[in-house]
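Residue numbers (UniProt numbering): 1 to 201. Note that CB positions come from ideal geometry on N, CA and C, so glycine has one too. This one's a predicted model, so the numbers in the text were calculated from it and none came from an experiment. For reference, the structure is listed below as structure tokens.
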């Protein structure tokens, strides 16, 4: 079992209560990940979730996709959600993060990293601008989620490094589909993961 220093142990105890009003990010500085090869799996120090959204001009609706993975790249859980409404790209990407947090397979039992390919959204977490903009409102909603204090950082990744989440979002949009995967995964999803990991070998 990992050993925690006093301050971190106290933070962990306070953050383990869902009704807590405290909502700050651990290690709040958000450092960009180093440049990597095309589509290469970037191993996180612990669990991570990739989130993405898909929109299509002329089609009403938004597809959301997310995939929870451990440090070795194995799938813990995944999901895709179809929303039958229209919203901006940034709001759609933020909704993908909210959906991923709601479906978190590890609960409050460990820390995790969120990965997203929307620069405007990631930058929005760093800024302390107007609290009345649409982006600020949805960012505040994410920060108020009971599991957000367990997020060690929100990282901007290249689109190539977010491919599986994008494919889930696209599949959801094309088929108006909402589906979750926890203990068993369809062959097409396993194939996506294998292709993703093969780039890192």
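Nearest-angstrom beta carbon gap, residue j and residue i [assumed within contact, 8 Å]
i           : j           : result
residue 47  : residue 66  : In fact, because the Cβ distance is near 12 Å, the residues do not count as touching under 8 Å.
residue 169 : residue 103 : At roughly 14 Å, the Cβ-Cβ gap does not stay under 8 Å, so residue 169 and residue 103 are not in contact.
residue 178 : residue 111 : Their Cβ separation, rounded to whole angstroms, is 28 Å, which puts residue 178 and residue 111 out of contact at 8 Å.
residue 284 : residue 139 : A query on residue 284 cannot be resolved here, the shown segment of the chain reaching from 1 to 201 and no further.
Check: residue i C-beta below 7 Å from any heavy atom of the ligand COA
i          : result
residue 93 : As presented, the structure is devoid of all ligands, the ligand COA included, so that no description of it is given.
Spatial neighbours of residue i in its chain, beta-carbon cut-off 8 Å, leaving aside the 5 residues before and after
i           : result
residue 159 : 117 and 166
residue 246 : In the structure displayed, the chain extends from 1 to 201; residue 246 sits before or after that span and is not available.
residue 181 : 75, 77, 78, 79 and 189
Of the listed residues the options, nearest to residue i (C-alpha basis)
i           : options               : result
residue 53  : 145, 180 and 92       : 92
residue 121 : 69, 98 and 195        : 98
residue 191 : 74, 103, 124 and 170  : 74
residue 115 : 108, 125 and 87       : 125
residue 109 : 161, 141, 148 and 51  : 148
residue 88  : 133, 162, 161 and 127 : 133
Residue i to residue j span [Cα, whole Å]
i           : j           : result
residue 186 : residue 150 : 29 Å
residue 154 : residue 58  : 31 Å
residue 171 : residue 164 : 11 Å
residue 90  : residue 64  : 12 Å
residue 183 : residue 105 : 10 Å
residue 193 : residue 157 : 17 Å
residue 136 : residue 123 : 11 Å
residue 84  : residue 141 : 20 Å
Nonlocal neighbours in the same chain, by C-beta distance under 6 Å from residue i, ignoring five residues either side
i           : result
residue 145 : 101
residue 176 : 82
Cβ shell of residue i (< 7 Å), same chain only, five flanking positions each side left out
i          : result
residue 70 : 47 and 76
residue 86 : 60
8 Å Cβ cutoff, residue i in contact with chain D
i           : result
residue 116 : Given the protein chain composition of this structure (a single chain), no chain D is represented.
Q) Where are the beta strand (DSSP E) runs, 3 residues long or more, that stay fully inside the stretch 55-90, in chain order? A) 62-69 and 75-83
_For a minimum of 4 consecutive residues, which ranges assigned as the alpha helix (DSSP H) are wholly contained in the stretch 95-156?_
Every alpha helix (DSSP H) of 4 residues or more that sits fully in the stretch 95-156 is shown, in chain order, as 119-126 and 134-143.
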